[in-house]
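In what follows, a structure is listed as structure tokens, so that the remarks can point back to it.
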Amino acid sequence: MRQWKQAAASYLVGGAHSRAVDSFVQSTDWRKALALASNHASTNSLQNIHDTAIHASAVLAEHHLFGQAATVLLEYTDRDEEAIALLVKGSLWADALRYSLLRQRNDLIETTVRPGLRDAHASLLDDIDEIATAFDSKLARLREVRAIPLEALLSATFPSLSSAADADSNADGDGNLDNVDVMSDTSSMATTSRFSTFSATVTNASSSSRMTGSTARRMSKSRRKEERRKVHGKKGTIYEEAYLVDSLAKLVDRVRVHQSSAHAMNIAFIQFGWMPAASKLQANFAKLVASVLDSAGFVFDEQRAQMQFGKNGQLEMAPPVINEQGLASQPKHPKPVLPSNDNWRIDTLV
Numbered sequence: 001m002r003q004w005k006q007a008a009a010s011y012l013v014g015g016a017h018s019r020a021v022d023s024f025v026q027s028t029d030w031r032k033a034l035a036l037a038s039n040h041a042s043t044n045s046l047q048n049i050h051d052t053a054i055h056a057s058a059v060l061a062e063h064h065l066f067g068q069a070a071t072v073l074l075e076y077t078d079r080d081e082e083a084i085a086l087l088v089k090g091s092l093w094a095d096a097l098r099y100s101l102l103r104q105r106n107d108l109i110e111t112t113v114r115p116g117l118r119d120a121h122a123s124l125l126d127d128i129d130e131i132a133t134a135f136d137s138k139l140a141r142l143r144e145v146r147a148i149p150l151e152a153l154l155s156a157t158f159p160s161l162s163s164a165a166d167a168d169s170n171a172d173g174d175g176n177l178d179n180v181d182v183m184s185d186t187s188s189m190a191t192t193s194r195f196s197t198f199s200a201t202v203t204n205a206s207s208s209s210r211m212t213g214s215t216a217r218r219m220s221k222s223r224r225k226e227e228r229r230k231v232h233g234k235k236g237t238i239y240e241e242a243y244l245v246d247s248l249a250k251l252v253d254r255v256r257v258h259q260s261s262a263h264a265m266n267i268a269f270i271q272f273g274w275m276p277a278a279s280k281l282q283a284n285f286a287k288l289v290a291s292v293l294d295s296a297g298f299v300f301d302e303q304r305a306q307m308q309f310g311k312n313g314q315l316e317m318a319p320p321v322i323n324e325q326g327l328a329s330q331p332k333h334p335k336p337v338l339p340s341n342d343n344w345r346i347d348t349l350v
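Numbering (full-length UniProt numbering), first residue to last: 1 to 350.
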């Protein structure tokens, strides 16, 4: 996008106005494009302005800027049907209704706006159900994972490490692990949530000796394998908790984004007198928002330690981060912005 803007400026300086117009269009800066096209237009080039507007609208729609794409058509063309369809596609219900009435195209309300609103309502309800199902499922699994001691997850993730530790323990006869150092720290870190840390360090057989090529390759392969496990959050491993928290955070973001959509849609429903549809949407969405808010503390405030492989192939705790109080703590997935009931809910809806 920035390259197109720079190109437009360069063409403008060089007096290549048509190329500047095209570059402004590609950068989605349709106002500059059409201002420049209109400023250098003659009676014989009015068609070029019309064509530029249509091209600019298409580029804006490709970038999902449906409101701006519709505005270009409404201001520079007579393509009302396409403009209203773009507003409906962008779920801009108030503008779709307003422009239909402004252009005295009540027929578009019946052929485009109302059907689009019904389809969007069904789609949003399906999405709400999908998010709720996924959220409940991942939340239930997160509760199961957090009930498992980190030591058990570590053993399941690295069975060879556990076997080696057991062998050394049997040889010593005192139950101590020479190759694994497990620590649990529940000291206060300026947080009211439960906090636990866990680290495990694998001691190399000969740390002072130089690694052979085969050893380095083996360690690199092991590291790549564990990175794949970490990314996919393989079930039953030390990485699953972080994966579940990240998945739940993405679902929370989807809920928050739907707030404005639900409100705008319900306002349109009320204008059309579709009260049952508005009530159903609000009830379903309110239930989902309540579920998110009720479980947010458990999901994001009670995260346990994250593990990673160090440069030497050693399993170690992820490096600490410094909080606002200047205290070091285990890195956690940041709590996303939570939805609320203040900016979307319509109190008069039952």
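The beta carbon of each residue, even a glycine, is placed where N, CA and C say it ideally should be.
>> In this structure, how does DSSP classify Y239 when only helix, strand and coil are distinguished?
In response: Locating residue 239 in the sequence shown gives position 239, counting from the first residue. Here Y239 sits in coil by DSSP.
> With a Cβ-Cβ cutoff of 8 Å, do R256 and V145 count as a contact?
Replying inline: Against the sequence shown, residue 256 aligns to sequence position 256. Against the sequence shown, residue 145 aligns to sequence position 145. Not a contact, by the Cβ cut-off of 8 Å.
> Could you give the C-beta distance for L248 and V299, rounded to a whole number, given that I count them as a contact under 8 Å?
Replying inline: Taking the sequence shown and counting its residues from 1, the one referred to as residue 248 is at position 248. Taking the sequence shown and counting its residues from 1, the one referred to as residue 299 is at position 299. The Cβ separation is near 5 Å, so the contact holds.
> Below 8 Å between beta carbons: does that hold for A262 and L117?
Replying inline: For the purposes of this step, residue 262 is identified with residue 262 of the sequence shown, where counting begins at 1. For the purposes of this step, residue 117 is identified with residue 117 of the sequence shown, where counting begins at 1. Cβ distance not < 8 Å, so A262 and L117 don't count as in contact.
> What is the residue span of the alpha helix (DSSP H) that V21 lies within?
Replying inline: Locating residue 21 in the sequence shown gives position 21, counting from the first residue. Where V21 is concerned, the enclosing alpha helix (DSSP H) stretches over 17 to 26.
> For E241, does the count of other Cβ atoms within 10 angstroms reach 16, so buried, or fall short, so exposed?
Replying inline: Along the sequence shown, read from residue 1 onward, the residue named residue 241 stands at position 241. The residue is buried, with at least 16 neighbouring Cβ atoms inside 10 Å.
> Under three-state DSSP, which class holds G273?
Replying inline: Along the sequence shown, one-based indexing puts residue 273 at 273. G273 falls in the coil class under three-state DSSP.
> What's the call for Q303, buried or exposed, on a 16-neighbour Cβ count within 10 Å?
Replying inline: Taking the first residue of the sequence shown as position 1, residue 303 is located at position 303. Buried is the call here.
> When the Cα atoms are used, what is the spatial distance from A70 to A20?
Replying inline: In the sequence shown, counting from the first residue as 1, residue 70 sits at position 70. In the sequence shown, counting from the first residue as 1, residue 20 sits at position 20. One C-alpha to the other measures close to 22 Å.
>> Among the candidates D253, V13, A156, whose CA atom is the shortest distance from the CA of T237?
In response: For the purposes of this step, residue 237 is taken as residue 237 along the sequence shown, with counting starting at 1. Closest by alpha carbon: A156.
>> So, for N106: in the same chain, excluding its five sequence neighbours on each side, which residues have a beta-carbon less than 7 Å away from its beta-carbon?
In response: Here the question's residue 106 lines up with position 106 in the sequence shown. Same-chain partners within the cutoff: S100.
>> Short of 7 Å in beta carbon distance, which residues of its chain neighbour V25, apart from the five on each side in sequence? Order them along the chain.
In response: Sequence index remark: in the sequence shown, residue 25 carries index 25 (1-based). Closer than 7 Å at Cβ, skipping near neighbours: A33, T52, H55, A56, V59.
>> Starting from V88, trace the alpha helix (DSSP H) in both directions and tell me its first and last residue.
In response: In the sequence shown, residue 88 corresponds to position 88, counting from 1. 80 to 89 is the extent of the alpha helix (DSSP H) around V88.
> Got a sec? Which residues, its chain only, sit under 7 Å from A277 by beta carbon, not counting five neighbours each side?
Replying inline: Indexing the sequence shown from 1 puts residue 277 at position 277. Counting only Cβ-Cβ distances below 7 Å, and skipping sequence neighbours, we find H121, F269.
> Once you ignore the five residues that flank F135 on each side, which residues in its own chain have a CB closer than 6 Å to its CB?
Replying inline: Start at 1 with the first residue of the sequence shown, and residue 135 comes out as number 135. Cβ neighbours of F135 beyond the five flanking positions: L251.
>> Quick check: what's the CA-CA separation for N343 versus H258?
In response: Reading the sequence shown from its first residue, position 343 is the one you call residue 343. Reading the sequence shown from its first residue, position 258 is the one you call residue 258. Cα to Cα, N343 sits roughly 11 Å from H258.
> Where does T348 sit, in a helix, a strand or coil, going by DSSP?
Replying inline: The residue you call residue 348 lines up with position 348 of the sequence shown. Residue state, collapsed to three classes: coil.
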